[in-house]
Amino acid sequence: MTETISLPSKKDIVEALEAVHDPHVPVSLRRMGMLRDIEIDADGDVKVQVCIPCMGCPGVGMLRENVREAVLSVPGVKSVVVEEGWHLPWSRDMIDPDVQEMMRANGIQV
Amino acid sequence: MATAIKDIQEDPRERALQEKVATGYQLEDVEEMTERYRNVLVNTVHIAADLEVVTLPTYSPAIKTSPTLEDKIAIAAACQDELGHAQMMYRILEDFGYDTHSFLFDRDPEEWRTFQMLEFPHEDYIESVVSMCYGDRAGYITTVDLEENCSYAPFARSLRKVNYEETFHVAHGERWTRFFWNQSESSRKRVQEMVDFYFPLCAAWFGMPDNLKTRTDQLAYRIRGASNDEMRQKWLSRIVPYSEDVGIKVPAHFDEEQGKFVLDYEAPIYLDEEKRQWDYDRQITWEEQLKVWKKGSKHKVPSIARVMSEVWGKELW
Chain A
99 MTETISLPSK
109 KDIVEALEAV
119 HDPHVPVSLR
129 RMGMLRDIEI
139 DADGDVKVQV
149 CIPCMGCPGV
159 GMLRENVREA
169 VLSVPGVKSV
179 VVEEGWHLPW
189 SRDMIDPDVQ
199 EMMRANGIQV
Chain B
3 MATAIKDIQE
13 DPRERALQEK
23 VATGYQLEDV
33 EEMTERYRNV
43 LVNTVHIAAD
53 LEVVTLPTYS
63 PAIKTSPTLE
73 DKIAIAAACQ
83 DELGHAQMMY
93 RILEDFGYDT
103 HSFLFDRDPE
113 EWRTFQMLEF
123 PHEDYIESVV
133 SMCYGDRAGY
143 ITTVDLEENC
153 SYAPFARSLR
163 KVNYEETFHV
173 AHGERWTRFF
183 WNQSESSRKR
193 VQEMVDFYFP
203 LCAAWFGMPD
213 NLKTRTDQLA
223 YRIRGASNDE
233 MRQKWLSRIV
243 PYSEDVGIKV
253 PAHFDEEQGK
263 FVLDYEAPIY
273 LDEEKRQWDY
283 DRQITWEEQL
293 KVWKKGSKHK
303 VPSIARVMSE
313 VWGKELW
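Residue numbers (the working numbering), protein chains in the order written: chain A, 99 to 208; chain B, 3 to 319.
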């Protein structure tokens, strides 16, 4: 009998990515407004597009690896491509309001 | 030490403040402080600020030899973070009459209070990531302890952001140390060489063993929550399993009988500064070790003088 693993849903990928934080703030990419797009094809190949707010981001290599590892841990995922959306606009209002409040309380200007 | 304890017993204000902070009370205002409290707090922040600044001459030489643009940015960004931490500490010191500009530029470099772990300019990127992995981890343990326990609330609060950033430095160091361990035979050799050099430096970051320590005001006034040995134990409990998992050899292990991590050598030991090599079999006295720490490495004074003579511009602060 062949074991069949169904394709992951976008929701599964988003949930897995909740464990991937901004390199400098302990908050998920989604809540920082950095998770932009997820595509899953019929073979289980996943493409994740993330937005990098800072042009000189020193954590981008680590971020890329963390996203890859998190998505690959989802059953049914065959491969992951992480697209760094350097061109995508990002502004501070894209951060969840409660995260903005937490950052201000901890001395980070937003 | 005997005199110090007597002083406290004779001054009811000092004792009252110690009892108050022992319950978890945090001070918000300089006016609430006693003289001894103020001295030990200012001393702690002063040393912390000096240690942040000296990361600049220590880490920055590796920018030149970092293999990729991303790596160069990572080192530059780490230096920028550390100077941001220093700036926050200077802001606190200004409440105690310090002048930031003169503190930075008018002091004799020999007067800077630095630790040996940050007195050797990095020769390459592998040295930097090993230093982040083992050394920033040690620094992070001390700043987290201050954030969680320091009885001066403005200092404790200011360290939350500092610790977010230190978490990144440590994670960066751990990731790239593991990467270079697995990359090639020569990079693995260099990682091990650097761990051999940094391990005793980082273990000594936490200072003398508790049973030999004579200054105890930091704990009595709850500027810090954990003792030197407790913090060293925390560091070992993270660093030893990490190293074993990667395959890196470290001179420490978990002792089943004692139920804790122990060093495989009897500190303090002799360091050949020129060769950057420790002689694990050659023990020195604590008196000799204190002299070495006080004098600093041969790089200390030139490194600080270099930072002071840079043309930074009038708008630096």
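The C-beta atom is built at its ideal place from N, Cα and C for all residues, glycine as well.
Which bits of chain A does residue i rub up against, with CB to CB less than 9 Å?
i	result
H174/B	P121, P156, G157, G159 and M160
A228/B	Within 9 Å Cβ-Cβ: nothing; A228/B doesn't reach chain A, min ~22 Å.
Run down chain A in chain order and give the residues with a C-beta less than 8 Å from the C-beta of residue i.
i	result
I75/B	G154, C155 and P156
R2/B	An answer regarding residue 2/B cannot be provided, because it is not within the stretch 3 to 319 covered by chain B.
Note down, in chain order, each residue of its chain lying with its Cβ closer than 7 Å to the Cβ of residue i, except the 5 sequence neighbours on either side.
i	result
T5/B	Any reading at T5/B needs caution, since the residue's pLDDT is 44, under 50, leaving its predicted position unreliable; the model's value is listed next. Around T5/B: no qualifying Cβ.
S160/B	M90 and I94
E268/B	Q285
D138/B	E168, H171, V172 and G175
L265/B	A205, P253 and A254
T145/B	L161, V164, N165 and E168
F201/B	Y136, V252 and P253
V313/B	none
Check whether the Cβ atoms of residue i and residue j lie closer than 7 Å to each other.
i	j	result
D83/B	E21/B	no
V41/A	V175/A	Limits of chain A in this structure are 99 at one end and 208 at the other, which puts residue 41/A out of reach.
T262/B	Q235/B	Correcting the residue type first, residue 262/B is Lys in the shown sequence and not Thr. Yes, the Cβ-Cβ distance between K262/B and Q235/B is below 7 Å.
R38/B	E72/B	no
C152/B	I225/B	yes
K302/B	E121/B	yes
D231/B	D219/B	no
D147/B	A79/B	no
I206/A	K163/B	yes
R177/B	W183/B	no
W237/B	A140/B	yes
E30/B	A158/B	no
F105/B	W207/B	no
P121/A	M153/A	no
N165/B	E149/B	yes
P151/A	I75/B	no
M306/B	P123/B	The residue asked about is misnamed: residue 306/B is Ile in this sequence, not Met. For I306/B and P123/B, no; Cβs fall outside 7 Å.
E54/B	A88/B	yes
V248/B	R180/B	yes
V208/A	R190/A	yes
Y223/B	V23/B	yes
M119/B	L203/B	yes
M210/B	I143/B	no
By Cβ distance, which residues of its chain are closer than 6 Å to residue i, with the 5 residues on each side in sequence left out?
i	result
M91/B	V47, A50 and A51
K8/B	Any reading at K8/B is ruled out, since the residue's pLDDT is 48, under 50, leaving its predicted position unreliable.
R192/B	I128
V165/A	V118, V146 and V180
V44/B	F98
Y244/B	none
C149/A	M132, R134, G183, L186 and W188
R115/B	I49 and D52
Q198/A	V208
Y272/B	D281, R284 and I286
How would you list, in chain order, the residues of chain A whose beta-carbon sits under 7 Å from the beta-carbon of residue i?
i	result
Y166/B	H122, V123 and P124
F170/B	P121, H122 and G157
E113/B	Residues of chain A passing the Cβ test: none, with the nearest at roughly 29 Å.
Tell me which same chain residues have a C-beta within less than 8 Å of the C-beta of residue i, skipping the five on either side of it?
i	result
I77/B	Y61, S62, A64, I65, S68, Y127 and S130
V32/B	R40, D97 and F98
I136/A	K108, I111, V112, V144, K145, V146 and Q147
F107/B	M310
P91/A	Here chain A comprises residues numbered 99 to 208, so residue 91/A is not present and cannot be evaluated.
C81/B	T57, L58, Y61 and S62
Give the interface partners of residue i over in chain B, defined as CB-CB distance under 7 Å, in chain order.
i	result
G205/A	S160, R162 and K163
- Could you tell me whether the stretch 163-172 of chain A touches the stretch 129-142 of chain B, where touching means 3 or more Cβ pairs closer than 8 Å? no
- Message: Using a Cβ distance threshold of 8 Å, determine whether the stretch 128-138 of chain A contacts the stretch 109-120 of chain A, with at least three qualifying pairs required.
- Response: yes
- Query: Which ranges does the alpha helix (DSSP H) cover as unbroken runs of at least 4 residues, wholly within the stretch 115-176 of chain B, from first to last along the chain?
  - Reply: 127-132 and 139-151
- Considering only residues of the stretch 209-261 of chain B, which uninterrupted alpha helix (DSSP H) runs meet the minimum length of 4 residues and lie entirely inside it, listed in chain order? 219-222 and 230-248
- Task: Please specify which runs of the alpha helix (DSSP H), each continuous and at least 4 residues long, are wholly inside the stretch 268-318 of chain B, giving them in chain order.
- Result: 288-297 and 302-311
- Task: Please go through the stretch 119-156 of chain A and give each complete beta strand (DSSP E) segment of 3 or more residues, from N-terminal end onward.
- Result: 133-138 and 143-149
- Task: Entirely within the stretch 162-205 of chain A and at least 3 residues each: give me those beta strand (DSSP E) ranges in chain order.
- Result: 177-183
- Task: Any chance you could list the alpha helix (DSSP H) runs of at least 4 consecutive residues sitting entirely within the stretch 22-89 of chain B, in chain order?
- Result: 37-55, 57-61 and 63-67
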